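Written below as structure tokens is the structure these notes are about.
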Amino acid sequence: MKIFDPTLLRLPFYDHEHRELADRLEDWVERNAALPETWRSGDVGDAVRQIAAVLGRDGWLDHAVENPRRGAPPGPDFRAICLIREALSYCDDLLDFVFSIQSLSAYAIAMYGTAEQKATYLPAIKSGSRLGSLALSEPRSGSDIAGVQLVAERAGAGFRLTGDKAWIANGNVADFHCVLARTGEGPAAFGLSFFIVPAEAPHLLATPVDLIAPRPISGLRFEGCEVPSSALLGKPGHGFRYALETLERYRVSVGATALGFCRRAMHEALAWSRARHTPGGALFDLQMTKERLADMAVYLDAASLLVARTAWEVDACKADALSRHSSITKVYATDGAQEVVDRALQMFGAAGLVSGSITERLYRQVRLLRIYEGASEVQKMIIAGSLR
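So for the sequence shown, UniProt numbering puts the first residue at 1; every next one is plus one.
Printed below as a string of structure tokens:
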């Protein structure tokens, strides 16, 4: 099964090991193409745990935690992260979801955690035996991370957390949460810290929320939830910087997910257009069909180049324009993905609306990309603010 464009992989953004990884991913997706059907109709929480176990068993979650190359610096290889997310999202949305949330919950621990925290959580994330979440958003702050109101106050030898989090991926199935809270070292962004909070901690409640694409999303309520001082992740007062660094780097991988959705939509539309006959011949032979497919191809090439450039910049520590480039990549890739999937569905006509069909699922799944990890409107504010 061909998912990736080999001409793109030959560009200097990628090396031989990335090309080998792409080959392994295509082989894995082909061998496991029917796997998503085994959990499609069951409980989404059970499905997430099954998927995590499979991704851990087959070694993909190793990349979520670290760069497997010998002698590599701490943290993951983001070009590999993007290739994995593109392939997994091509196969199934929930595969990509599980990989992405394991990656997000691992990053701060891998980069800023103590030796004990790393030993406790990272092997379990890699194996898929423990699920994590990254708890940033709140009911009143949304994308405004500096506006976090959940309070973590000193209580004896530890901290007491009080407040709410909203729209937390894995919130009701995670074994632990990486929680951003206000500790008060300074005003606004300067008074935030991260904590690792076990899901079984007393006075922590999770309330599931149903979305248009089935995922384990929930709100979290901390009602005087007490954690030991060892739960503090990184330095106090540095939580805002850690959160921004995480989002800036992983934002490009959302663009990679958009590519996976779009490649699947285009492949399905292309196959349909060649098989579907109209009074004038195959649907593919109509000029308007060719125009739509050409537009999809142009978008895919342009978005793929943006993802490749930004992922390379992350790995090469080219930080001077990273914030702007990661925002540009996410906006272009996710906004364009919505358009490509919509055009693909239109080519199918009523058949594209059948519940459970590939196009119907893609149409529901792609909409979330323009909102999470920074809505398109927020990304455009970042882009405009960087212009000189």
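All residues carry an ideal CB built from backbone N, CA and C; glycine is no exception.
This structure is a prediction, so every number in the text was calculated from the model and none was measured.
Spatial distance of residue i from residue j (CA atoms)
i: arginine 292; j: alanine 303; result: 17 Å
i: isoleucine 270; j: phenylalanine 284; result: Note on residue identity: the sequence assigns leucine, not isoleucine, to residue 270. The alpha-carbon atoms of leucine 270 and phenylalanine 284 are separated by roughly 8 Å.
i: alanine 80; j: phenylalanine 97; result: 16 Å
i: serine 273; j: alanine 22; result: 27 Å
i: histidine 63; j: aspartate 77; result: 7 Å
i: glycine 224; j: serine 193; result: 17 Å
i: lysine 165; j: histidine 16; result: 42 Å
i: tryptophan 28; j: histidine 277; result: 33 Å
i: alanine 384; j: glycine 42; result: 44 Å
i: valine 354; j: alanine 258; result: 22 Å
i: alanine 294; j: glycine 356; result: 27 Å
i: tyrosine 299; j: phenylalanine 222; result: 43 Å
i: glutamate 37; j: alanine 350; result: 23 Å
i: aspartate 342; j: aspartate 301; result: 18 Å
i: leucine 131; j: valine 44; result: 14 Å
i: glycine 191; j: alanine 119; result: 28 Å
i: proline 73; j: threonine 334; result: 30 Å
i: tyrosine 121; j: alanine 115; result: 10 Å
i: serine 386; j: proline 202; result: 44 Å
i: tryptophan 312; j: alanine 155; result: 44 Å
i: tyrosine 372; j: proline 214; result: 15 Å
i: serine 326; j: aspartate 315; result: 13 Å
i: methionine 347; j: aspartate 58; result: 36 Å
i: arginine 324; j: isoleucine 382; result: 7 Å
i: residue 403; j: glutamate 185; result: This structure leaves residue 403 out entirely; the chain is present only between 1 and 388.
i: tryptophan 167; j: serine 143; result: 11 Å
i: alanine 231; j: lysine 318; result: 32 Å
i: arginine 69; j: threonine 7; result: 24 Å
i: valine 9; j: methionine 296; result: Residue 9 is actually leucine in this sequence, not valine. The straight-line gap from Cα to Cα measures roughly 19 Å.
i: threonine 162; j: glycine 219; result: 14 Å
i: arginine 370; j: isoleucine 217; result: 16 Å
i: alanine 189; j: lysine 235; result: 14 Å
i: tyrosine 242; j: alanine 282; result: 53 Å
i: arginine 388; j: aspartate 320; result: 14 Å
i: phenylalanine 13; j: leucine 286; result: 37 Å
i: alanine 110; j: proline 187; result: 27 Å
i: proline 279; j: arginine 251; result: 45 Å
Residue i vs residue j beta-carbon contact at 8 Å
i: glutamine 117; j: isoleucine 196; result: yes
i: threonine 246; j: leucine 104; result: yes
i: tyrosine 90; j: glycine 260; result: yes
i: leucine 306; j: glycine 255; result: yes
i: arginine 364; j: glutamine 338; result: no
i: lysine 126; j: leucine 61; result: yes
i: alanine 87; j: leucine 35; result: no
i: valine 340; j: methionine 266; result: yes
i: methionine 1; j: glutamate 30; result: yes
i: glycine 237; j: threonine 183; result: yes
i: serine 141; j: valine 148; result: yes
i: alanine 108; j: leucine 233; result: yes
i: glycine 75; j: asparagine 67; result: yes
i: isoleucine 145; j: phenylalanine 240; result: yes
i: threonine 359; j: glutamate 226; result: no
i: alanine 106; j: valine 65; result: yes
i: leucine 11; j: alanine 308; result: yes
i: glycine 336; j: leucine 345; result: no
i: arginine 264; j: leucine 362; result: yes
i: alanine 53; j: glycine 128; result: yes
Residues near residue i in its chain [Cβ-Cβ closer than 8 Å; skip 5 each side]
i: serine 229; result: Ala157, Gly158 and Phe159
i: tryptophan 39; result: Asp46, Ala47, Gln50, Ile51 and Leu94
i: alanine 199; result: Ala174, Asp175, Phe176, His177 and Ala206
i: glycine 71; result: none
Other residues of its chain near residue i: CB distance less than 6 Å, five sequence neighbours each side excluded
i: serine 253; result: Ile81, Cys82 and Arg85
i: histidine 18; result: Arg79
i: serine 100; result: none
i: lysine 290; result: none
Residues near residue i by beta carbon distance below 7 Å, same chain, minus five either side
i: lysine 380; result: Val331
i: glutamate 153; result: Phe159 and Arg160
i: arginine 249; result: Phe78 and Val314
Handout entry: Contained beta strand (DSSP E) runs [length at least 3] in the region 92–149, N- to C-terminal order
Key = As far as the region 92–149 is concerned, its whole beta strand (DSSP E) runs of at least 3 residues are 132–135.
Problem - Inter-stretch contact (C-beta, 8 Å, three-pair minimum) for the region 167–181 and the region 130–146 - result: Segments in contact, yes.
Problem - Contact the region 328–335 vs the region 375–385: 3+ CB pairs below 8 Å - result: Yes, they touch.
Practice task
Would you check if the region 201–215 and the region 166–173 touch, i.e. whether three or more CB-CB distances between them fall below 8 Å?
Solution key: They touch, by the three-pair rule.
Practice task
Quick one: which unbroken alpha helix (DSSP H) runs of 4-plus residues sit fully inside the region 344–387? Chain order, please.
Solution key: Unbroken alpha helix (DSSP H) runs of no fewer than 4 residues, entirely contained in the region 344–387, are found at 358–366 and 376–385, following chain order.
Problem - Whole runs of the alpha helix (DSSP H) within the region 14–40, excluding any shorter than 4 residues - result: Unbroken alpha helix (DSSP H) stretches of 4 residues or longer found wholly inside the region 14–40: 16–31, given in chain order.
Problem - Continuous alpha helix (DSSP H) assignments of at least 4 residues falling wholly in the region 253–340 - result: Runs of the alpha helix (DSSP H) inside the region 253–340: 287–315.
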